[in-house]
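All remarks here apply to the structure that follows.
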Amino acid sequence: MKQPLVGHGPVAALRLVAGLSQLDTARACDCTAETIRNIEQGRHSPSVGLALRLAQAYGVGMGDLTAALDRVHKRKGRKAMRDLTTRRAKKT
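For the sequence shown, the positions run 998 to 1089 when the working numbering is used.
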């Protein structure tokens, strides 16, 4: 039986709808399960590359993933996640 989505944050909900565990997601995205947990709890913002891999693993667009990440950060009382394109521009 699938886990209910009630009580899960927006990023975790994307993962659960995709039918993935945190460990499955970590393996698909080449990171640790701890990183996935921290992203879901709003303690860590993914790099652009990791965000792209997460969106692909979850089968969603970057807009959907970014919106979910923003909701996590707003729920935690933090500033919304910076625009990923701004982060990419700073690296080049």
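From the three backbone atoms N, C-alpha and C, an ideal C-beta is built for every residue, glycine too.
Between A1030 and L1017 the beta-carbon gap is near 11 angstroms, outside 8 angstroms, which marks them as no contact.
Burial check for G1046: the Cβ neighbour count within 10 Å stays below 16, so the residue is exposed. For Q1038, no alpha helix (DSSP H) encloses it, and the DSSP letter there is neither H nor E. Where G1046 is concerned, the enclosing alpha helix (DSSP H) starts and stops at V1045 to Y1055. It is roughly 18 angstroms from the alpha-carbon of K1071 to the alpha-carbon of I1033. The distance from the Cβ of V1057 to that of L1011 is about 6 angstroms, consistent with a contact at the 8 angstroms cut-off.
Its chain contains Y1055 and G1056 as the residues whose beta carbon lies nearer than 6 angstroms to that of A1015, once the 5 sequence neighbours on both sides are disregarded; these appear in chain order. Take L1062, set aside five residues on each side of it, and the residues of its chain with a beta-carbon closer than 8 angstroms to its own are V1008, L1011, A1048, L1051, A1052 and Y1055, in chain order.
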